[in-house]
Amino acid sequence: MGEALKLRSILAVALLISTSVAAHGREMLVTDQAQFKAAVEAATPGDAILLADGEWRDFQAVFTGTGTVDKPITLAAQTKGKVILTGQSNLRLGGRHLVVTGLVFRGGYSPTREVISFRRDSRTPARDSRVTEVVIDGFSKPDRRAEDIWIALYGTDNRVDHSHFEGKTNAGVTLAVIRPKGQGEANRHRIDHNYFGPRPPLGSNGGETIRIGTSEESLSDSLTLVERNIFDRTSGEVEIVSVKAGGNILRENLVLEAQGAFVLRHGNGNLIERNIFFGKGVPDTGGVRVINRDQIVRDNYFEGLAGTSFKSAISVMNGVPNSVVNRYHQVANARIVGNSIVDSARITFAAGADAERSAAPVDSRFERNLIVGAKGQDPFRAEGDIAGIALAGNVQAMVARPLLSQGVEQRAVTLERAANGLLYPTDPALAAVGAPRNLKPVTRAEVGAHWYRGDAPEAAFGTGATRALAVGASLAEAVAESRAGDTLALGTGVYDIAAPLTVRRRLTIAGANDAKPVLRVASSLARIAGGGGLRLENLAIDARATAGERALIAVEGGVAPNYRIAFDGVSVRGPGKGRLDGIVMAPGTFADDVTLSNSDFADMGVVVLGTGEQEPKGWYPMERLTITGSRFARVAMVADLLRKGSDESTFGPWFAMTRSSVVDSGAGDVSLRISGAQHSQIAQNSFAGSDGILVIHSVGAPETRIASNAFAATPAPRIEELVWKGPPRGVIEDNLVEAQP
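In terms of numbering that gives the first Met the number 0, the sequence shown opens at residue 0 and continues consecutively.
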């Protein structure tokens, strides 16, 4: 800053100070970054720096100072919610007794690895400081592989409360307690009354909502409190909250339809109590996973959780003998007491037992828990030796063939929903079993910034306006003018697509039911850009004239948020077998789902190509790929889907192909290759004159079923294991395989 400009800024701040002296200190209203910097330098205990309402673009704010307990230095919005930090912006705090409030981060991303950092630099952390009523909404880097942390808690005795965080789509923890190597001090942070809103699956490790510590200092205590927050669909990865330190408390939080679990990953002596989990049957919704020593899980309520294995309502893991600090320490002296597990799929003991994880839990107790399995099924599973878990005083709703008998009483259980919204036994004799009746779920009104409820959710396909588009009208212009959720209804005839349509919103292009409009494609049909998604219905796509190795639908790099693509009643004719791939995913992007239903694909390359993520870190391109009632003729491959690496932190990919046919197709030795999927269902399909199916297991506990298919002049399906050395996994049954000529 030039001396003249600096002097003007100081004079401007001085003028503001002279006219805005509050009882507790001075208020300095600043309107630009230079004034802000001068105000920070001038601030003394009790002062408040007010950012003027409006947009602050490309603002890397540094807020330092030393306040007192009674007179903190405050950085606030002139009007809460009216100050928007956008573009490439972030905030660093350093000093003591600092308060930040009323700011919104939206419409951009941090140029560094943190959005809000509780330190100015490695020598200047924040202590005794607070971030309250702050919003970070969709402030994600465009490439999901580019990592950052939205809130990085350094120092000690800091608090993050009544704030709103949602829409993170790139790698990195939403909120992290940072405990650098060699700095194993107790942090005593408090994280309370925040709204952690929807976070879609990342498709890799590194999508936690909260992480406390890392493995390097995990054997020391952090003493962080996570209390009365809401976790609403926070489904970035299998660890919603990842505890990697000792002495922490997770208390009275509400978890809603969030895939994953609270995981005691590293560290000892943690307490998880009085939390409430509602899964509502959403796949992979879990509860608590226990690892390490002296953990207590008590008085929690779990309902409608569909997760299994590591994502069970309660999972007690096997450990690694003499484990290094970053693997799995043996469970010892765990106390799991007074919990209710209702309408949930699984309770897993000795989870993850294998040749490496061979140390069974010891000296542990599972007591006074109430268990009512989903659909009358027994949720208990033992994946290894469970002699080290003593069971006593538990009650389970009767099942036909219970796994456990000693310490688990089978009896009729009738449940009734109480005033607090939770289910309890009607039998007074069971009053002391399961979760306490005085649990009080935290409400939406109690958490987050009361003045902010976020943008409306992304419009789903078909929820907007419908616009009829006559033959001869510009489809490109109509796409550009569309709004999220709109439908473009095409008439009978031919629509020429000279250049790819750029789709930036959820959009449906549909033909009339009586006759399919024809989209005649010269190069590519569409390009999915940031925020886009495309559903095609009842259309014929003529791509015979396309030249070169193109994609019918391509996804731009840097697309955020996640996108969706759907074909329903669509026929595609390409330029020839092996040419023109169908849907091609770009590295760094992620699809929530891709669906092909009741559609025909002929004379093409790979219809769905998702092999762009080549780094061995567990990245994959889409959560779900579903194919049903469709036909493939003379295509190089139906789908080629790849998830590399051995990380166990993801839910997918999920793949399903049913009631479809494949004729004269294949490239090399396969017509369908699914590698690294966690769930694969290939059933009731027919393959004729084609190369075979290959499913490759690489990580986790994949569930594969290849059943009731017909293979004529086609090799039998195969499952290959890259890592697993045990008995065969996956089911191949009831298939008809005709002898090849």
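Beta carbons: idealized from backbone N, C-alpha and C, even for Gly. It should be emphasised that the depicted structure is a prediction, and the values quoted were computed from it without experimental measurement.
The stretch 130 to 144 in contact with the stretch 155 to 175 per 3-pair CB rule at 8 Å: yes
Opening and closing residue of the beta strand (DSSP E) in which residue 409 lies: 407 to 410
Which of helix, strand or coil does DSSP assign to residue 724? coil
Best match in 489, 582 and 215 for proximity to residue 539 [C-alpha to C-alpha]: 489
What number of angstroms, rounded off, separates the C-alpha of residue 329 from the C-alpha of residue 322? 8 Å
Please name the residue in 675, 515, 553 and 364 whose C-alpha comes closest to that of residue 648. 675
Which of helix, strand or coil DSSP assigns to residue 277: strand
Around the C-beta of residue 756, are 16 or more other C-beta atoms found within 10 angstroms, so that it is buried, or is it exposed? Residue 756 lies beyond the stretch modelled for the chain, which goes from 0 to 740, so this question has no answer here.
Is the beta carbon of residue 426 sitting closer than 8 Å to the one on residue 401? no
Tell me whether residue 650 sits in a helix, a strand or coil according to DSSP, three-state version. coil
Check this for me: beta carbons of residue 446 and residue 718, under 8 Å apart or not? no
What do you get for residue 735, buried or exposed, if any count of 16 or more other CB atoms within 10 angstroms of its CB means buried? exposed
Mind checking who residue 566 pairs with in its DSSP beta bridge? 535 and 595
Using the rule of at least 16 other Cβ atoms within 10 Å of the residue's Cβ for burial, across every protein chain shown, is residue 325 buried or exposed? exposed
Taking the CB atoms as reference points, tell me whether residue 359 and residue 392 lie closer together than 8 Å. no
So is residue 21 buried or exposed if we call it buried at 16+ other beta carbons inside 10 Å? Unreliable positioning characterises residue 21 in this predicted model, as indicated by a pLDDT of 47, which lies under 50. A coordinate reading is not provided.
For the stretch 164 to 227, list the beta strand (DSSP E) runs that are entirely contained and at least 3 residues long, ordered along the chain. 174 to 176, 189 to 191, 209 to 211 and 224 to 226
Can you give me the C-alpha to C-alpha distance between residue 437 and residue 225, rounded to a whole angstrom? 20 Å
Which partner residues does residue 450 have in the DSSP bridge list? Note: residue 450 sits in no beta bridge, so no partner.
Starting from residue 395 and walking both ways along the beta strand (DSSP E), at which residues does that stretch end? 393 to 396
With which residues is residue 108 paired in a DSSP beta bridge? 87
Alpha helix (DSSP H) containing residue 132: first to last residue? That residue, residue 132, is in no alpha helix (DSSP H); it is neither H nor E in DSSP.
Mapping DSSP to helix, strand and coil, what is residue 619? coil
Residue 432 to residue 200, Cα distance in whole Å? 35 Å
Classify residue 737 as helix, strand or coil using the three-state DSSP reduction. coil
Spatially closest choice to residue 700 from 106, 533 and 650, by CA coordinates: 650
Cα-Cα, which of 520, 494 and 354 is closest to residue 726? 354
By Cβ distance below 7 Å, which residues in the same chain neighbour residue 192 in space, the five residues on each side in sequence not counted? 160, 161, 227, 228, 445 and 446
In whole angstroms, what separates the C-alpha of residue 295 from that of residue 92? 34 Å
Excluding the 5 residues preceding and the 5 following residue 106 in the sequence, name in chain order all residues of the same chain whose CB lies nearer than 6 Å to its CB. 85
Helix, strand or coil at residue 750 according to DSSP, with G and I counted as helix: In the structure displayed, the chain extends from 0 to 740; residue 750 sits before or after that span and is not available.
Can the beta-carbon of residue 524 be found less than 8 Å from the beta-carbon of residue 494? no
Please list the terminal residues of the continuous beta strand (DSSP E) segment that includes residue 631. 630 to 641
Buried or exposed: where does residue 732 fall if 16 or more other Cβ atoms within 10 Å of its Cβ makes it buried? exposed
Specify the secondary structure class of residue 579 as computed by DSSP and reduced to three states. coil
Express the C-alpha separation of residue 285 and residue 257 in angstroms, rounding to a whole number. 8 Å
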